[in-house]
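Residue numbers are given in full-length UniProt numbering: position 100 of the sequence shown equals residue 100, and the series is strictly consecutive.
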Amino acid sequence: ENRLKGAIWSFFAGDALASPTHWYYGGERQIISEYGHKISDYTKPNKKLAGSILNKSDLNGGGRSKSMSTSSTATIIGDIINHGKQKLWSPNESNHYHGTLQRGENTLEVSLARVLMKSIVNNDGIFDANHFRDAYINFMTTPGSHNDTYASTCHRMFFANMIFRQLNPKDCPDNDHHNVDTMDGLILPTIVALAGIRTHITIQKSAAECAAVTRRSSVLEGISSLWATVVLEAVRNPNDDEFLNKFNEFSKQAIKRPSNPRVGDSSTMSACYLSSSLPGLVDMVAKYMPNNNNDNDDGGGGGGGDRVWQGLLANANVGGENVHRGSIMGAILGARAGFNQIPSQLVNGLYPLSELEKEIDDFVRAV
1 ENRLKGAIWS
11 FFAGDALASP
21 THWYYGGERQ
31 IISEYGHKIS
41 DYTKPNKKLA
51 GSILNKSDLN
61 GGGRSKSMST
71 SSTATIIGDI
81 INHGKQKLWS
91 PNESNHYHGT
101 LQRGENTLEV
111 SLARVLMKSI
121 VNNDGIFDAN
131 HFRDAYINFM
141 TTPGSHNDTY
151 ASTCHRMFFA
161 NMIFRQLNPK
171 DCPDNDHHNV
181 DTMDGLILPT
191 IVALAGIRTH
201 ITIQKSAAEC
211 AAVTRRSSVL
221 EGISSLWATV
231 VLEAVRNPND
241 DEFLNKFNEF
251 SKQAIKRPSN
261 PRVGDSSTMS
271 ACYLSSSLPG
281 LVDMVAKYMP
291 NNNNDNDDGG
301 GGGGGDRVWQ
311 GLLANANVGG
321 ENVHRGSIMG
331 AILGARAGFN
341 QIPSQLVNGL
351 YPLSELEKEI
361 DDFVRAV
């Protein structure tokens, strides 16, 4: 339970810490220019972002074209999902992808992780694709269900298929062969893996099925299956050396080399595509991995928990595709440290804190 809670809290923290600097490809220099300093705590994202591609992104589907459906005056962004946010995607604007979020508030993809957690809780602690699909559609189409500005290509394509093509929801996941085989697709399978502590036999299959609820990507399903075993091992196995062996097995399968714990943080900046983002994920996890053989909690919240906080802040200050990497990193680092060692500011800075506390406690009890 200590490791599981550590994983979930750090999963939420990694996303919220990095949201202000998501897709800042100017790295630390750009971050200091925009915020006056490096990210050192939860920070409200700026409203504007020079170079933002929101103004080039398709309101009604994947990618960057501005296609408009001839069959309806409604737009997917603004009317069907991300209600009222359409103007923030205007070609005349240059808005931050997450400028509508509060300090410590999570992005859409991690808000969907909360939806998934509730679905698992309401289904007796077990992941069920049909149960989650219904919850996903209900959440996305309910005005005010989340505060984020951005919704990734897979969600825009899913709801375009559902609304404009009137497909069965099971047939709505899609792929534009560019923006779907991406790091954010590992967010939901990570939660499914965390739910598999007792029922781990089917965890690889469940993780792949979860990835397939919102997008169509055989590549992502394969990586999700492999990643799920790493997440499960991070929570279940207290032995650092054994876990590191499992982690390097994943690394060799996913990126064809062992992890590099001596990597320079800035060199891990990447875009969201799996081929470019997985190496940075692997190396950052290896670099900031808490070592339980050396880091003993002295009662002051030091030791392994400080490594989690340092790692998630380092990730936030890299820029690029750091938001979803932050969550996935957080799950592993937090599991290895355990909740009891995590610094209080990691937990207390999240928003909305009381709701998250209840949802996490419910999830831990259910699984």
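Ideal placement from N, C-alpha and C gives every residue a C-beta, glycine not left out.
Name the two residues that bound the continuous alpha helix (DSSP H) containing S327. 323 to 337
In whole angstroms, what is the alpha-carbon distance linking I360 and M269? 30 Å
Would you check if the distance between the CB atom of S259 and the CB atom of N248 is smaller than 7 Å? yes
Euclidean distance between Cα positions of D265 and L281: 11 Å
Give the secondary structure of T142 by DSSP, where H, G and I count as helix, E and B as strand, and everything else as coil. coil
Extent of the continuous alpha helix (DSSP H) run through R3: 2 to 18
Quick one: give me the first and last residue of the alpha helix (DSSP H) that R114 is part of. 108 to 122
For the structure I just gave you, are there three or more beta carbon pairs, one from the region 335 to 348 and one from the region 221 to 237, closer than 8 Å? yes
Express the C-alpha separation of Y25 and I120 in angstroms, rounding to a whole number. 36 Å
Could you have a look at I197 and say whether DSSP puts it in helix, strand or coil? coil
Put K246 into one of helix, strand or coil per three-state DSSP. helix
As a quick exercise: from D283, M157, L101, T149, pick the residue whose alpha carbon is nearest that of K252. D283
Does the pairing of the region 87 to 102 with the region 43 to 56 give three or more beta-carbon distances under 8 Å? yes
Reduced DSSP category for Y24 - H, G, I as helix; E, B as strand; rest coil: coil
Among K38, S267, M289, V110, which has the Cα closest to the Cα of V323? V110
Cβ neighbours of I197 in the same chain (closer than 8 Å, five flanking residues each side left out): L4, L232, V235, R236, V367
Looking only at its chain, what residues have a beta carbon closer than 6 Å to the beta carbon of G150, apart from the 5 residues adjacent to it on each side? The amino acid occupying residue 150 in the given sequence is Tyr; Gly does not appear at that position. Taken in chain order, the residues that qualify are Y97.
Beta carbon of G62 nearer than 7 Å to that of N168: no
Using a Cβ-Cβ cutoff of less than 6 Å, which residues in the same chain neighbour V192 once the five nearest sequence positions on both sides are dropped? F127, S206, A207, C210
Let me check understanding here. Comparing Cα to Cα, which of A113, A331, P143 lies closest to V308? A331
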